[in-house]
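Under our numbering, think of the first position of the sequence shown as 21, with each following residue one higher.
A virtual CB, placed ideally from N, CA and C, is assigned to each residue, including glycine.
Given the structure is predicted, the values throughout are model-derived calculations rather than measurements.
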Amino acid sequence: MSALWKREPGRLWSLWDMIKFDAGRFHQLLKWLSNLEGVLGYIRGQQHGVPVRITMPGWNFNEKSPNDDLDQYIRELNELGLTSSRVALERVKDCLTSFGKPGWKQDRLEELAKDFLGRLYDDLAEPRFLAIEAGKRALYEQPEPIFGQVVFEKFPPAREDIEEAGKCVALNRNTAAVFHLMRALECAVQIVADKIGATIKDQHGRGLGWGVIAENMKPLIDAMPKGSAEQLNWYRIQSDLAVVNRAWRVPTNHPKETYTSEQANEVFDATKTFMRELSELV
């Protein structure tokens, strides 16, 4: 992933800022450039004045300019911070654009293509690229809210941590995933507790601990109509919050606590279900 992070003020260090890299498309680009010498040899072999009809994937030599694929690769190289390679590929594109015009030289195109490959190999010596399992791709790219639209709308302060948790699970950063899940749940606890008027901040305006908030909820639930469906539902939620706090949140804040991939996935699924349930109370 690229080291060109653009960290926003006040924002956590984020897996968000990693650049997505499509290895398959990049391999295609290298393959096309590696085949360029053979293509140029074919061009040289044509009789003068005979139209050349050669098409490579993404580059149509019958057209006045390269296809849009080259522009996309140039943008990707720029995002990856491979500046030298980007400039070299722009030169290749410019040369291809002038194909067939007076003064166009095959040798120049071959020279530029080889220069690009050399620069690219040098540029790629430093960055490191990570692969994401196919089954976890949606957790990383997140085309839609991974906990569902309702949770997304009801708990705005938890959005960033939920998204980060998904990315951590995708990259097998298991303990980090649980940490973000607990932060997301803490946001939900505050919103849900505030719904029934429980105290969620101390006298200085600082947020209270999760366990303290859960305890502050109990007297308010006791005051609800005795035995009502509402009271029973809130008792269950308050009890679950206390249990989750002891089982996950407190241990997660301990520096020696770590989680396996299986455990992180279990916490992720349980948190998703619990937050969907909490969203019904807001």
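Practice item. Answer yes or no: do isoleucine 182 and phenylalanine 167 have a C-beta to C-beta separation smaller than 8 Å? Key: yes
Point to revise | Inter-residue Cα distance where the pair is proline 245 and methionine 202 | key: 31 Å
Practice item. Please report the Cβ distance between lysine 215 and valine 302, rounded to the nearest whole angstrom; I am assuming they are in contact, meaning their Cβ atoms lie under 8 Å. Key: 6 Å
Check your understanding: Going by the beta-carbon positions, is the gap between asparagine 265 and glycine 227 smaller than 8 Å?
Key -> no
Check your understanding: Excluding the five sequence neighbours on either side, which residues of its own chain have a C-beta within less than 8 Å of the C-beta of cysteine 207, listed in chain order?
Key -> Phe175, Pro177, Ala178, Asp181
Practice item. Pick out the complete alpha helix (DSSP H) segments inside the region 173 to 240, 4 residues or longer, and give them in chain order. Key: 179 to 190, 194 to 215
Check your understanding: What is the DSSP secondary structure of tyrosine 255, counted as helix, strand or coil?
Key -> helix
**Study point:** Closest Cα partner of alanine 218 within the set Ala133, Ala151, Trp254
**Key:** Trp254
Exercise for review: List the whole-angstrom C-beta distance separating leucine 159 from valine 189, where the pair is believed to meet the contact cut-off of C-beta under 8 Å.
Suggested key: 5 Å
Exercise for review: Can you tell me which of Asn192, Val171, Tyr93 puts its alpha carbon nearest to the alpha carbon of valine 209?
Suggested key: Val171
Review point. What number of angstroms, rounded off, separates the C-alpha of valine 72 from the C-alpha of alanine 108?
Key: Any reading at valine 72 is ruled out, since the residue's pLDDT is 45, under 50, leaving its predicted position unreliable.
Check your understanding: Are three or more beta carbon pairs between the region 279 to 298 and the region 256 to 264 nearer than 8 Å?
Key -> yes
Check your understanding: Going by Cα to Cα distance, which pick from Lys156, Leu100, Asn236 is closest to lysine 193?
Key -> Note that residue 193 is arginine in the sequence shown, not lysine. Minimum Cα distance to arginine 193 is reached at Lys156.
**Study point:** Close-in-space but distant-in-sequence residues of the same chain around glutamine 251 (CB under 7 Å, 5 per side omitted)
**Key:** Ile241, Met244, Pro245
Exercise for review: In angstroms with no decimal places, state the Cα-to-Cα distance between valine 112 and glycine 101.
Suggested key: 18 Å
Review point. Going along the chain, which residues of its own chain have a beta-carbon closer than 7 Å to the beta-carbon of asparagine 285, five neighbours each way excluded?
Key: Val189
Practice item. Decide if phenylalanine 119 is buried, meaning its Cβ has at least 16 other Cβ atoms within 10 Å, or exposed. Key: buried
**Study point:** Candidates Thr195, Asp260, Ile211, of which the one nearest serine 281 by Cα
**Key:** Thr195
Review point. Thinking C-beta only, is leucine 298 closer than 8 Å to isoleucine 257?
Key: yes
**Study point:** Boundaries (first-last residue) of the alpha helix (DSSP H) holding arginine 148
**Key:** Neither: arginine 148 is in no alpha helix (DSSP H) and is coded neither H nor E.
Review point. How should glutamate 173 be labelled, buried or exposed, when 16 other C-beta atoms within 10 angstroms of its C-beta is the threshold for buried?
Key: exposed
Review point. Where do the N-terminal and C-terminal ends of the alpha helix (DSSP H) with glutamate 277 fall, by residue?
Key: From DSSP, glutamate 277 is part of no alpha helix (DSSP H); its letter is neither H nor E.
**Study point:** Extent of the continuous alpha helix (DSSP H) to which glutamate 110 belongs
**Key:** 103 to 117
Check your understanding: So what's glutamine 126 in DSSP terms, helix, strand or just coil?
Key -> helix
Check your understanding: Expressed to the nearest angstrom, what Euclidean distance is found between the alpha-carbon atoms of tryptophan 79 and isoleucine 211?
Key -> Its pLDDT being 48, under 50, tryptophan 79 is placed unreliably in this model, and the value from its coordinates should be taken loosely. Each residue's Cα considered, the two are about 55 Å apart.
Check your understanding: What is the rounded straight-line gap between the Cα of alanine 249 and the Cα of glutamate 300?
Key -> 14 Å
Point to revise | Residues near isoleucine 152 in its chain [Cβ-Cβ closer than 6 Å; skip 5 each side] | key: Tyr160, Ala190
Practice item. Go through its chain and collect everything with a Cβ distance to glutamate 28's Cβ below 6 Å, but skip five positions before and after it. Key: Per-residue confidence for glutamate 28 stands at a pLDDT of 42, beneath the threshold of 50, marking its modelled position as unreliable; the derived number appears in the next sentence. Nothing listed; no residue qualifies.
Exercise for review: Could you check the C-alpha separation between alanine 197 and glutamine 162 for me, to the nearest Å?
Suggested key: 15 Å
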